[in-house]
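Note that full-length UniProt numbering has the sequence shown beginning at 1, numbered continuously upward.
For each residue, glycine too, the CB sits at the ideal point set by N, CA and C.
Nothing here was measured: the structure is a model prediction, and the numbers come from that model.
Below: the structure, in structure tokens.
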Amino acid sequence: MRWSPSPSCSLSPAGRIDAQRSPPDTSPGPATQLGKHAGEFANESPEGLFLGDSAGREATTSSYSTIAGHAAGYRVKASPNVVLLGRSAGESLAGAPSAVAVGSSAGRHAKTADHTVFIGGSAGYAADTVDHSIFLGYAAGRSIRDNKQSVIAGYAAGERAHRAHQSVMAGPLAGYAANDSPRSVMIGQDAGLYAEQAPAAIMIGPAAGQSARNATNPVFIGANAGKAAANTADVVLIGTSADAEPGITNAVGIGRGANPARSNTWHIPEALKLGVGTSAPTAQLHTTRNVRFAALANGVLVTDRAGNVSASSLLNEALKEIARLKVRVEALEAAQCRQ
1 MRWSPSPSCS LSPAGRIDAQ RSPPDTSPGP ATQLGKHAGE FANESPEGLF LGDSAGREAT
61 TSSYSTIAGH AAGYRVKASP NVVLLGRSAG ESLAGAPSAV AVGSSAGRHA KTADHTVFIG
121 GSAGYAADTV DHSIFLGYAA GRSIRDNKQS VIAGYAAGER AHRAHQSVMA GPLAGYAAND
181 SPRSVMIGQD AGLYAEQAPA AIMIGPAAGQ SARNATNPVF IGANAGKAAA NTADVVLIGT
241 SADAEPGITN AVGIGRGANP ARSNTWHIPE ALKLGVGTSA PTAQLHTTRN VRFAALANGV
301 LVTDRAGNVS ASSLLNEALK EIARLKVRVE ALEAAQCRQ
């Protein structure tokens, strides 16, 4: 019988037998399963790790995932490279590649959460369309929808803050129901709690902007600042309990209890003294240099019975009259000298 080399061998010109190396196997390996029903019906999820009772039991197209905990990732779908840790974490997560859910029921029924992080019990429980966001704390963003690229941290923070993209909400109940408030910053317990339709808002402090609905471009800093400043625009409030009358625009209030009541105004409470050039003012307005009134040339300031101050030309007219009288006096004196 004639010998012939196997497919993995060949004869060299010198008659030696050379082994031919087979290409390495780069196809995905099987999933690793540990626990009752773990990965039992998993489909198209190679290289996965399923640990715990029913973990990843019906996982679909979720390759290279790490899933651990009772019913964690039970029905996860179209979410490769995810990390799901905790009881029912990401149980029916869908459309969330590279998502991370840590905690009991974290991201449990979340959908469309590409590269999103859920940490804490029920964080992002039923979040929908929240790509590239971070949810930290119990119930943070629990039912949130259409809120991408946001950071939400604290008990129930941003729980119902729908359509508030690119926002930061930090603190218990911060931005809880701040619907339609994109590009906002709400920091502190109850900050922006019900601040619906408050785009580009800055609310910092406990209960700052708590009920400031329809407040456009507001800046509220301090405990209870802007708590009831609804239907306002371009209003700045700094100080404890500083607030504004609803409906005004382009106003500023600085100091505890400041409350601008009209548009295009600046309110400083009566108790405050304003120092310009001095850190220890002794009057409501204390300046160490000159004060200029551009509309007042060679005039005086007068007040009416209501206390309104206005420019007056009385002094200028009086000086002119004095000059005329001086000329007359000099003429009379000259006439007497000639007699």
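Where residue i sits in the DSSP three-state scheme
| i | result |
| --- | --- |
| L315 | helix |
| R75 | coil |
| residue 347 | Examination of residue 347 is not possible in this model, given that the chain is present from 1 through 339 alone. |
| Q33 | strand |
| V130 | coil |
| L301 | strand |
| V236 | strand |
| Y338 | Correcting the residue type first, residue 338 is Arg in the shown sequence and not Tyr. Here R338 sits in helix by DSSP. |
| A331 | helix |
| L85 | strand |
| T112 | coil |
| H70 | coil |
| R142 | coil |
| T61 | coil |
| S310 | strand |
| residue 347 | Limits of the chain in this structure are 1 at one end and 339 at the other, which puts residue 347 out of reach. |
| T287 | strand |
| L136 | strand |
| F50 | strand |
| N147 | coil |
| G275 | strand |
| A94 | strand |
| A101 | strand |
| N231 | coil |
| N179 | coil |
| A242 | coil |
| A153 | strand |
| A191 | coil |
| A170 | strand |
| D25 | Unreliable positioning characterises D25 in this predicted model, as indicated by a pLDDT of 47, which lies under 50. A coordinate reading is not provided. |
Cβ neighbours of residue i in the same chain (closer than 6 Å, five flanking residues each side left out)
| i | result |
| --- | --- |
| M169 | I152, A157, G158, G175 and M186 |
| G247 | N231 |
| R87 | G69, H70 and S104 |
| R213 | E196 and A230 |
| D53 | G35, K36 and H70 |
| A89 | G69, A72, A101 and A106 |
| E245 | A261 |
| L49 | T32 and T66 |
Cutoff 8 Å; reference residue i; Cβ partners in own chain excluding five residues on either side
| i | result |
| --- | --- |
| D25 | Caution applies to D25, whose pLDDT of 47 falls short of 50 and renders its modelled position unreliable; the value that the coordinates give is listed next. Closer than 8 Å at Cβ, skipping near neighbours: no residue. |
| P182 | R163, A164, H165, Q166, S167, P199 and A200 |
Beta-carbon proximity list for residue i, same chain, < 7 Å, skipping 5 on both sides
| i | result |
| --- | --- |
| N81 | Y64, S65, P97 and S98 |
| T278 | H286 and T288 |
| T303 | V309 |
| F41 | R57 and E58 |
For residue j and residue i, believed in contact at Cβ under 8 Å, the rounded distance
| i | j | result |
| --- | --- | --- |
| A113 | D131 | 6 Å |
| L301 | A311 | 7 Å |
| Q189 | P172 | 5 Å |
| A123 | L136 | 7 Å |
| L237 | G257 | Incorrect: roughly 11 Å between the Cβ atoms, too far for contact. |
| T129 | R145 | 6 Å |
* Taking three-plus beta-carbon pairs below 8 Å as touching, is the region 189-203 in contact with the region 212-226? -> yes
Ignoring anything shorter than 3 residues, give me the beta strand (DSSP E) runs that lie fully in the region 197-224, in order along the chain. 202-204 and 219-221
Sequence ranges, alpha helix (DSSP H) only - wholly within the region 244-272, length at least 4:
none
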